[in-house]
Each structure stands twice: as structure tokens, then as C-alpha cells.
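Peer 1: Residue numbers (full-length UniProt numbering): 1 to 578.
Handing you a structure now.
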Amino acid sequence: MTEEHVVSKSKIKVKRSKNGCINCRKRKKKCDEIKPICTGCLNRNIVCEYKSASNDFFSNQLNLVNYNTGTSTSTKSNSPSPPSFPEHISSVSNLHELVGDTAMKILENNYSGLSSLFKNNPDGYSANANDKMLEESVTSLDDLLPVDNDFLNLLFEDQPQYFNLFANPTPVLLKTLDIKLPVPLTTEELSYFEYFCKSILPDLSILPQEFNYYTKIYIPLAFKEKAVLYTLVGWGCRTRKNLNLNFQIENKEADNYIEKVNDLIYYNDMTLDKEKFITNFVCYMLLVCMEITFGDTSKWSHYFTCCFNMINRMPGNFRYLLSACTVEGNLLAENFAYFDVLASQSNENGTFYPISDYHDLFSQNNTTKIVHDPLQGCIRPLILLIGEVVSILVEFSSLQVSLDLPDCDKYEVISKMMKKSDELDKTIRFCKPDLSHLQYLENSDELESHLTLFEVYQLAAQIYLRQVLRKLPPVVPEVQVLGYNLKEDLKMLITSPKLKHSLAFPMLLLGISSTSSENRRDVLKMFKSLVQTCGYLCSYQKLMIVVQKIWDLNNNGSLYVDWYRVTKQLGWRLNLGR
Numbered sequence: 001m002t003e004e005h006v007v008s009k010s011k012i013k014v015k016r017s018k019n020g021c022i023n024c025r026k027r028k029k030k031c032d033e034i035k036p037i038c039t040g041c042l043n044r045n046i047v048c049e050y051k052s053a054s055n056d057f058f059s060n061q062l063n064l065v066n067y068n069t070g071t072s073t074s075t076k077s078n079s080p081s082p083p084s085f086p087e088h089i090s091s092v093s094n095l096h097e098l099v100g101d102t103a104m105k106i107l108e109n110n111y112s113g114l115s116s117l118f119k120n121n122p123d124g125y126s127a128n129a130n131d132k133m134l135e136e137s138v139t140s141l142d143d144l145l146p147v148d149n150d151f152l153n154l155l156f157e158d159q160p161q162y163f164n165l166f167a168n169p170t171p172v173l174l175k176t177l178d179i180k181l182p183v184p185l186t187t188e189e190l191s192y193f194e195y196f197c198k199s200i201l202p203d204l205s206i207l208p209q210e211f212n213y214y215t216k217i218y219i220p221l222a223f224k225e226k227a228v229l230y231t232l233v234g235w236g237c238r239t240r241k242n243l244n245l246n247f248q249i250e251n252k253e254a255d256n257y258i259e260k261v262n263d264l265i266y267y268n269d270m271t272l273d274k275e276k277f278i279t280n281f282v283c284y285m286l287l288v289c290m291e292i293t294f295g296d297t298s299k300w301s302h303y304f305t306c307c308f309n310m311i312n313r314m315p316g317n318f319r320y321l322l323s324a325c326t327v328e329g330n331l332l333a334e335n336f337a338y339f340d341v342l343a344s345q346s347n348e349n350g351t352f353y354p355i356s357d358y359h360d361l362f363s364q365n366n367t368t369k370i371v372h373d374p375l376q377g378c379i380r381p382l383i384l385l386i387g388e389v390v391s392i393l394v395e396f397s398s399l400q401v402s403l404d405l406p407d408c409d410k411y412e413v414i415s416k417m418m419k420k421s422d423e424l425d426k427t428i429r430f431c432k433p434d435l436s437h438l439q440y441l442e443n444s445d446e447l448e449s450h451l452t453l454f455e456v457y458q459l460a461a462q463i464y465l466r467q468v469l470r471k472l473p474p475v476v477p478e479v480q481v482l483g484y485n486l487k488e489d490l491k492m493l494i495t496s497p498k499l500k501h502s503l504a505f506p507m508l509l510l511g512i513s514s515t516s517s518e519n520r521r522d523v524l525k526m527f528k529s530l531v532q533t534c535g536y537l538c539s540y541q542k543l544m545i546v547v548q549k550i551w552d553l554n555n556n557g558s559l560y561v562d563w564y565r566v567t568k569q570l571g572w573r574l575n576l577g578r
């Protein structure tokens, strides 16, 4: 009886660790199975790997998809063999299995307001005149998605008999249609694209997925432009293979895809028209977001600067996005402004475009009820106010450096800056969240999380203003009070699956404003918790290093330490957008 009891007990122990990571199973330790990094591997600072978890999943998914190369099938063998896929796939016969439920619902919808993406289709298709009328009368979510005949023509080029089905007010994309790819892909490459659609794309929106307007741009454009398709494949490859690894691991396969994207961007750049401009802009912003998500400190800035230079080649510069590119232009412009404001080098050089241009963009989008950046959600108004802080900082710094002023003029400049600072601080404190999409949240818990996110950015913006404009050290009581409230709010958000990638800016300000040993230990735990759920390859890993260096320089919090100078000494360019 005793032996049987011992055997059964040992079996239970083995069963517990069955789904644990490889390291915990080797060490015969119980794994908490937190992905991508379990607590045991995080504490030991080692790579955490789960046995073929993602590969098995995508192999199973790919078995469900019917791929069509357009070639005749070979003679069947009598001997049983595992299912094989062609080396290169030129069309997909089951779109739903490839892009997932979220993207499929958007493609099935009767309305699509992004027809301008395909108005210059080289095949000569022209958009229906009714689409223009729908574009001009955008009033609701459904109006954002009018019928896009060019995209349908593109999808059903070889099967025109199905196109008439879309004359029905409620069309459905049939699951047996062959949809051409702009360039043949291998099975593995298609699985990377699938991974992007199902796992990465939903995370690019903190709003409900029906408001993930990136889906309405990236997916249709990927079926039309090789550069966009390779960008999504490259991102999917990099995330799928590097999710649990540290930043020192290279992914040459993903780098090859990005190299192809850069070549295609260069080719488009030689004869830049509206269609190629949109393609390049989408690729640049995808690359910027991808690199920032992986905690990059240099490449994202290069892509962002290239994007800025390309915009300046178009008539009207930044306003070209608003005047000529309609819906997708407004969305991408908001995304550009978001990353511009939260770039570390903006603290020294200012934003690429005047903050007044960004104000015009955001106010225009509010007036016309056009699409908003789903990466920002309810914090959109605060992003502009953070940009105002950046503008005042750069203006004041330039006056101090460039002018040798007498004392009376120096005091006047400081007095004006303090007055602007007080007015801006009041504006931040009484700022209201963008509620345009919050009414569509699933439940009250989600609403509370989003409103807490707004409060977190509001508190962080107040700390930011006091530190960069008023040069107050963290030990000052008003900074301590703001920091305490910020920490309590952030504790509720760091475990949120949808919002965990949006906390870089407030986490940095929380770390800077922490003075006591106990507070700093708490902040360090919060950083490690975010690294654990977002992976070693995330911006929180780099931010944690910056914060710890500031703590070393400011042991008791009695000094003002410029966080941007610390990043500059490290040779880093950080972006706090992801």
C-alpha cells in the first residue's frame, strides 16, 4: 500500500510539470507556466522555452488551410505519407484560417472606407462612385467600412463569378475562394503572416477589435503590395522565434525579410506617387512600431527619420497625409505624431513637426469623426499635452544656449516659461479622456482599466512637467504624492493583457520619482513583471536599466537627473510609445 501510494504521488508530480518550460522540467521544479517567461527562468535570468508550443499550434493551423499553387496535382501514392505542402504558395483558398476571426469579420463587412488604397490599381479597376459618397459621410462605425470594389476585384480576379455575390447588402466571403498573393510564399512564411494576423495585430489596439483600424489597412494592402506583405511576414517571424529569447539573439531569417522590404521601399522611392507613398509610409510605421516593441534603441529612429524625409517630398509635407490620403492618411498621421511626441530625442531636438500641426490633425479628426489611432485610445488628448511640455522644454533650452542674456532678460524668460508651465499643468489636471470608443467596451471592468490608463498618463504627465520644466528633484513632496498615486494605479494595469504594452512612459516616470529603498524595490518588481509577460525583447528591459542608472546617480532622490542625458550617455534612442 505504501509503495503504491509513493508511486501515485510521484506520478502526480510528473503530471504537474508536464506543460512547464524545459528548464523547470530539467530542474524538476514546479513551473508556474507564465509565458513567455516563467518566474523560475526570470529569477535566474535565462532563456525560457516551452516544448514546441508555438510550432505545434501553427502546424495544426496550417493543416486546416487549403493552399493552391495553380498547378496540377501529382499521382497519388499507395503508401501512406504525411501531408506535404508545395514549396511556394501563390494563392490561398481559405482566408479565414489564415487571417483569423478578427480580420475576417472586417473583410466580410459590407462597408470599407479604405478604397483609396486601391484607386490606382494597375489592373485598371475603378472604385464605385458610391464609395466616394460613403467616404464623405462618415458618421458611424459601419460607415467606416464601405464596399471596396477594387479590393474585391483583386481577390476574385480568377473567379469573377463570385463578384456578383457582393451586390447583396450583407455579403460573405466564401471559404473556397482562391486569393492571390502579390508574391509566392513558402508554407513557413505563410505561417509567419498568419502569426502576425492572429497574435500581433490584435495587440496593436487597446480598443475593442472592431476599432482596430490597422487591420483595415494592413491586411488588404498586404494582398496587394509585396513590401507590406514582407514586413508583416518579417515581424511574425521575429516575434514567433524570438519571443522568449534575450536581446543578444539574432534572427537572420527575419533580417532577410526586412532587407527585402528596404529594397522595395528604395525602388518605390525612385518614382514616388500617392500609391507608393502610402505603401512606403505603412512599411516605415510598421518597422518603427516593430523595433520599438522589441526595445530597439537605434533602428526605429532611422526608419522614423526616413519616413519624415519621405513626407517632406510630398506637396504640403505633413498636411499631405490629411488632404490627399483621407482615412488611412489621418490614421497614420496620428500614429506618426504619437511616436514623435514620445521619442527620447524630442526632449533635445523637439518634435519633427510643430505641435500645432498635431493639434490641427487631432482636432480635425474629432470634428469629422474620422478614425482615431487605436494604439492611443482614450489618452489621445494627453499625448498632445505631453507634446506641449516637450515644445516648452526645447524652446526654453534653446534660449538658454543661444542667447547671452543679461540677468533681467533671463528672469523674464524664466518667468514666461513658469507661466506657461502653470497653465499647462492646469490643462493636464483638468484634461478629459477621449470617450469616443469607450462606450463599446465589453464590461465595466474594461472601462475602469481604460480610465485608469488615462489617469496613469495624467499623473505621469504632471511628474514629467515638474521634472523637465521646473527641474524638481523626486524628493519634493508634490512629486512624491503624484508618484504614490501613479504607483497604485499602475499596480492595477501591469497585469492587463491589452494595456501592458502601453505603460512605458508612466513606468519611466514612476521609476524616476521613486526615492526610498522600499519604493524602488516595488518598482523593480513591477518592471520584472512586465518583462515576464512581454518578454526579454521589450522596451521595459531597457527602461529598467535607465531607471537603475538614475537611482545610482541620485541615491536619496535629492537631485534632478535628466533621464534623456542618461540614455544619451548609453548611446540609446528610446521611444516610450510601446
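We put the CB at the ideal spot given by N, CA and C, even for glycine.
As the structure is a prediction and not an experimental result, all values here were calculated from the model.
With DSSP run on the structure shown, which of helix, strand or coil describes Pro184?
Peer 2: strand
Peer 1: Hey, quick one: how far does the alpha helix (DSSP H) through Lys525 stretch, first residue to last?
Peer 2: Lys525 -> alpha helix (DSSP H) spans Ser517 to Cys534.
Peer 1: Under DSSP, the alpha helix (DSSP H) around Ile545 begins and ends at which residues?
Peer 2: Ser539 to Leu553
Peer 1: Counting C-beta neighbours from all protein chains within 10 Å, is the total for Asp255 16 or more, i.e. buried, or is it exposed?
Peer 2: exposed
Peer 1: With a Cβ-Cβ cutoff of 9 Å, do His372 and His302 count as a contact?
Peer 2: With respect to the 9 Å criterion, His372 and His302 are not classified as neighbours on the basis of their beta carbons.
Peer 1: Exposed or buried, Lys28, counting other C-beta atoms within 10 Å across all chains shown (16 or more means buried)?
Peer 2: exposed
Peer 1: Reducing DSSP to helix, strand and coil, say where Ala461 ends up.
Peer 2: In the three-state DSSP reduction, Ala461 falls in the helix class (H, G or I).
Peer 1: Looking only at C-alpha atoms, which of Lys30, Val261 and Trp235 sits nearest to Phe294?
Peer 2: Trp235
Peer 1: Does the segment 384-403 come into contact with the segment 357-366, if we say contact requires no fewer than three beta-carbon pairs (one atom in each stretch) closer than 8 Å?
Peer 2: Result yes; three or more Cβ-Cβ pairs closer than 8 Å.
Peer 1: Measure the Cβ-Cβ separation of Thr495 and Ser529 and say whether it is below 9 Å.
Peer 2: yes
Peer 1: What does a CB cutoff of less than 6 Å around Phe211 pick up in its chain, not counting 5 residues either side in sequence?
Peer 2: Pro374 and His437
Peer 1: Can you give me the C-alpha to C-alpha distance between Ile355 and Asp32, rounded to a whole angstrom?
Peer 2: Rounded to the nearest whole angstrom, the CA to CA distance from Ile355 to Asp32 is 46 Å.
Peer 1: Is it buried or exposed, Pro220, if we count other Cβ atoms within 10 angstroms and call 16 or more buried?
Peer 2: buried
Peer 1: Leu382 and Phe454: beta carbons closer than 9 Å?
Peer 2: yes
Peer 1: Excluding the 5 residues flanking Ser298 on each side, which residues of the same chain have their C-beta closer than 7 Å to its C-beta?
Peer 2: Arg573
Peer 1: In the DSSP assignment, find the alpha helix (DSSP H) that holds Phe304 and state where it starts and stops.
Peer 2: It spans Lys299 to Ile311 - the alpha helix (DSSP H) in which Phe304 sits, taken as one unbroken run.
Peer 1: Apart from the five residues on each side of it in sequence, which residues of its chain come closer than 7 Å, Cβ to Cβ, to residue 587?
Peer 2: Any property of residue 587 remains undetermined from this structure, which presents the chain solely from 1 to 578.
Peer 1: From the DSSP output, in three-state form, read off Ala324 for me.
Peer 2: coil
Peer 1: Is there contact here, the segment 471-491 with the segment 508-519, by at least three beta-carbon pairs under 8 Å?
Peer 2: yes
Peer 1: Pick from Tyr411, Ile392 and His450: whose alpha carbon is nearest that of residue 579?
Peer 2: Because the chain in this structure spans residues 1 to 578, residue 579 falls outside the shown range and cannot be described.
Peer 1: What number of angstroms, rounded off, separates the C-alpha of Tyr338 from the C-alpha of Lys30?
Peer 2: Computed Cα separation, rounded: 42 Å.
Peer 1: Is any beta-carbon of chain D found at less than 9 Å from that of Asn555?
Peer 2: The structure shown contains no chain D; it holds only a single protein chain.
Peer 1: Where Leu154 and Cys283 are concerned, what is the direct C-alpha to C-alpha distance, given to the nearest angstrom?
Peer 2: Interpretation of Leu154 is limited by its pLDDT of 48, a score under 50 that renders its predicted location unreliable; the figure taken from the coordinates is listed afterwards. Cα to Cα, Leu154 sits roughly 21 Å from Cys283.
Peer 1: Does the contact criterion of 3 or more C-beta pairs under 8 Å hold for the segment 468-481 versus the segment 550-565?
Peer 2: yes
Peer 1: To which residues does DSSP link Val575 through a beta bridge?
Peer 2: Checking the displayed sequence, the identity of residue 575 turns out to be Asn instead of Val. Ala343.
Peer 1: When burial is assigned at 16 or more other CB atoms within 10 Å of the CB, is Gln345 buried or exposed?
Peer 2: buried
Peer 1: Please say whether Met285 and Lys306 have beta carbons closer to each other than 9 Å?
Peer 2: Per the sequence shown, the amino acid found at residue 306 is Cys instead of Lys. No Cβ-Cβ contact shorter than 9 Å links Cys306 with Met285.
Peer 1: What three-state label does DSSP hand Gly113 in the structure shown?
Peer 2: Its pLDDT being 39, under 50, Gly113 is placed unreliably by the model, and nothing is read from it.
Peer 1: Hey, would you say Leu576 sits closer than 9 Å to Leu342, going by beta carbons?
Peer 2: For Leu576 and Leu342, yes; Cβs fall inside 9 Å.
Peer 1: Using a Cβ-Cβ cutoff of less than 6 Å, which residues in the same chain neighbour Ile258 once the five nearest sequence positions on both sides are dropped?
Peer 2: Gly234
Peer 1: Let's test the definition: count the other Cβ atoms within 10 Å of the Cβ of Gly535 and tell me whether it reaches 16, buried, or not, exposed.
Peer 2: Label assigned to Gly535: buried.
Peer 1: Could you tell me which of Leu524, Lys471, Asp269 and Val531 sits nearest to Asn280, measuring between CA atoms?
Peer 2: Asp269
Peer 1: According to DSSP, simplified to helix, strand and coil, what is Arg240?
Peer 2: helix
Peer 1: Going by beta carbon distance, what residues of the same chain come within less than 6 Å of Pro160, once the five residues before and after it are set aside?
Peer 2: Residue placement at Pro160 is poorly supported in this model, since its pLDDT is 48, which falls under 50; the coordinates are not used for a value here.
Peer 1: In the structure shown, what three-state DSSP assignment does Met285 receive?
Peer 2: helix
Peer 1: For the alpha helix (DSSP H) holding Arg25, just list the boundary residues, first then last.
Peer 2: Ile22 to Arg27
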